Every structure is written in C-alpha cells, then in structure tokens.
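Going down the list, the sequences are from chains A and B.
Residue numbering for the first sequence follows my numbering, beginning at 1 and increasing consecutively.
Residue numbering for the second sequence follows my numbering, beginning at 164 and increasing consecutively.
Each residue gets a CB set at the ideal place from its N, CA and C atoms; glycine is no exception.
For clarity, every value in this text was computed on a predicted model and none was experimentally measured.
Working notes, beginning with the structure itself.
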Amino acid sequence: MEICRRKSAIEISELDPFLAELLRQIPASANPDGAPAAEQRLFSPPTNGKDTELCAEWKMYVEPELRRLFQSATETVADDLEQLNGDEKTFANRTLRIPAKHSDAWLSALNQARLAIAAKNNFTENELNDHFRSPIGSRRDLSLFQVNFYGFLQEFILREQED
Amino acid sequence: MNCGPRRDGGCLAQIQEIEGITHISNEKAGTITTAEPTIEKETRSEEELDLPWQVVVHNDPVNLMSYVTMVFQRVFGYPRERAERHMLEVHRNGRSILWSGMRERAELYVQQLHGYLLLATLEKPG
Chain A
1 MEICRRKSAI
11 EISELDPFLA
21 ELLRQIPASA
31 NPDGAPAAEQ
41 RLFSPPTNGK
51 DTELCAEWKM
61 YVEPELRRLF
71 QSATETVADD
81 LEQLNGDEKT
91 FANRTLRIPA
101 KHSDAWLSAL
111 NQARLAIAAK
121 NNFTENELND
131 HFRSPIGSRR
141 DLSLFQVNFY
151 GFLQEFILRE
161 QED
Chain B
164 MNCGPRRDGG
174 CLAQIQEIEG
184 ITHISNEKAG
194 TITTAEPTIE
204 KETRSEEELD
214 LPWQVVVHND
224 PVNLMSYVTM
234 VFQRVFGYPR
244 ERAERHMLEV
254 HRNGRSILWS
264 GMRERAELYV
274 QQLHGYLLLA
284 TLEKPG
C-alpha cells in the first residue's frame, strides 16, 4: 500500500484486497447499534453523573444532533469508498482517492470506528499500544489491527491538514 | 445548542438599575431637600452567580494525541503549544481543565468536544 498527497486529494494506491476490505468496513464498524458499550462511548454523558437533569436534556436535544453529525461523516466516507467497488478483478489491487474537502469526514468516521471497535472488544491500553500484533489469529486480533490501521490513516490525514 | 426550555431566557445580561438621587438644595432658605431615597437594584444572571463552570477533558486510550491536540486548537482556538500542554496533561493526569466560565458556553464547548468524540464533561469546582 502506498499513501501520498496528489493535488487536492490523498491517494491510497496498491491497496490489496485485505486492506481494501478493512476500509470498506469503516461505516459498518462505526455503527454502534446493538452494542451498548460502543453506544455509551460514542454518546458519553456531559457530566460526571450528578446533574441528571442536564443528562436527560442532553439525551433529548444534543444526542440527535451528534447522531446526525456522525452519520453525515460516515455517509461521505461510504460514498468515497464506492471507488473500491469497481469492475476490477476481485484480487486486483485498488486505488482510493480521498478529496481534501472530505478530510474532516474521514477523521470523524475513522475515529467513530476506532472507538466503537475498541469499546466492543473492551481493549486494554496495553493491547492498544501493541502495534505489532498480527491480524491473523483471532477475531480480536483482527479488530485490534483494524483500530491501528485506521489510526495510521488518521495520522496521515492530520499531517496532511497541517501542511 | 438547544438544551430545552429550562434555561431559555436564562442568559440575561447583567442589569443594573440605579435610580439617581435628586438633591434640591436651597442654602439661602436654609433647607436641603432630598426628593427620593436612593434605590440601587442589581440583578445578576443565573450564569454569573454560578461562575465558573469547568470544561474537563478525560483521558481515553483510543484517541490519538495528534488528533486531541488538533481538536483543542479548533474548538478553543488555542495555539499549538497550549493545546499540546493540555493534551499531555490529559494523557498523564487523566484529565485537564480546558476552559472555565459561564455555563451556557461551557455546555457548547462540551457539545463540540463530543462532536469530535472526546470524553468531555461539564463540572463545577468544589
């Protein structure tokens, strides 16, 4: 896989089918539905629990806005990911171009996915800092690799935004 | 942010009503009359009485340090050095107070931070 800046886009080329599939899974991974731990992490309370009135208002008025914000980001990413569903042969390497104007949507969707996966798997800090674990082993190892791969992409996008 | 009707109209600016004194002085006649007593009325908003609320960001092992720094710069307009200082405080101490002030603005900051998926809470010291 190669990643570089080309004009007003970030280009990820030489994407093998495995990494392309991980990218395709961003929107689904970001969805906390049916996973209370992920739901709780993505929609955390605004206080340390003492102000129940504010928490109730937050749930009623703020959470729907946050849901819309998060959904809008994952939809943008899902549209960009359509590029990976071309007519090429199944095992051919692919190229993905992320327009610079979609950078914020990608940062949000990648973050949603990382947080949701980490919450679903209840990863420890030590596990999250283990960047060399092979994705081949268990479903848990694969999820950890996914979190780290998405983190790598986030770092790259952030660096590109700074320049 | 719309947090419901409870605080609607709660952002009243400080209202200070001072009714002036009217002195009527007549030295030749040897009399001094004070027309009205001084009434000084001061109304402070709920937020001002509540000052200060704190916006606290808590550590989580998933968010990237560079991402958290970027969020602090964007949300609070802090220069990079200050944003990094807060990020490191969160990382080392588990929490950092990013801002303190009026409740309504603090709520808005917390909402923005949640929009970036940071663990942020609104707290009152004490």
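Within chain A, partners of residue i - CB distance below 7 Å
i	result
PRO224(B)	GLU125, LEU128
TYR241(B)	Residues of chain A passing the Cβ test: none, with the nearest at roughly 15 Å.
Chain B contact residues for residue i, given Cβ-Cβ distances below 8 Å
i	result
ARG67(A)	Neighbours of ARG67(A) on chain B: none; closest Cβ ~11 Å, over 8 Å.
THR47(A)	THR284, LEU285, GLU286
LEU42(A)	LEU280
ALA118(A)	PRO224, VAL225
Interface flag, residue i vs chain A, CB-CB below 8 Å
i	result
GLY278(B)	yes
ASN189(B)	With a pLDDT of only 47 at ASN189(B), under the threshold of 50, the placement of this residue in the model should not be trusted; the figure read from the coordinates follows. Chain A contact via Cβ: absent.
SER229(B)	yes
MET250(B)	no
GLN274(B)	yes
MET233(B)	yes
Closer than 9 Å at the beta carbon, the chain B residues around residue i
i	result
LEU115(A)	ASP223, VAL225, ASN226, LEU280
THR95(A)	Going along chain B, no residue has its Cβ under 9 Å from THR95(A), so there is no contact; the nearest lies around 25 Å.
GLN137(A)	Per the sequence shown, the amino acid found at residue 137(A) is Gly instead of Gln. The contacting residues do not exist; GLY137(A) stays about 21 Å from chain B at best.
GLU155(A)	LEU227, SER229, TYR230
GLN112(A)	LEU280
Proximity below 8 Å, CB of residue i to CB of residue j
i	j	result
GLY278(B)	LEU153(A)	no
ALA38(A)	ALA116(A)	yes
GLU162(A)	ARG5(A)	no
ALA113(A)	ALA30(A)	yes
ALA35(A)	ILE98(A)	no
ALA165(A)	VAL253(B)	Since the displayed chain A opens at 1 and closes at 163, residue 165(A) lies outside it and no answer follows.
SER54(A)	MET233(B)	Before going on, a small fix: residue 54(A) reads as Leu here, not Ser. No; because the gap between Cβ atoms is not below 8 Å, this pair is not in contact.
PRO215(B)	GLY264(B)	yes
LEU110(A)	TYR150(A)	yes
GLU155(A)	SER229(B)	yes
Integer-rounded CB distance, given that residue j should sit under 8 Å from residue i
i	j	result
LEU282(B)	ASP223(B)	5 Å
MET250(B)	PHE235(B)	6 Å
THR74(A)	PRO27(A)	5 Å
VAL218(B)	LEU261(B)	5 Å
LEU285(B)	ALA269(B)	5 Å
LEU15(A)	MET1(A)	6 Å
PHE43(A)	GLU65(A)	Their Cβ separation, rounded to whole angstroms, is 11 Å, which puts PHE43(A) and GLU65(A) out of contact at 8 Å.
ARG133(A)	ASN121(A)	So it is not a contact: roughly 13 Å between Cβ atoms.
VAL273(B)	PRO32(A)	With a Cβ gap of about 20 Å, VAL273(B) and PRO32(A) do not count as contacting.
Within-8 Å CB hit, residue i to chain B
i	result
PHE145(A)	no
ARG148(A)	The residue asked about is misnamed: residue 148(A) is Asn in this sequence, not Arg. It does not; no Cβ of chain B falls within 8 Å.
GLN71(A)	no
VAL62(A)	yes
LEU158(A)	yes
ALA105(A)	no
GLY151(A)	yes
Taking contact to mean 3 or more Cβ pairs, one atom from each stretch, closer than 8 Å, check whether the segment 141-156 of chain A and the segment 45-60 of chain A are in contact. no
Between the segment 9-26 of chain A and the segment 256-267 of chain B, do at least 3 Cβ pairs fall closer than 8 Å? no
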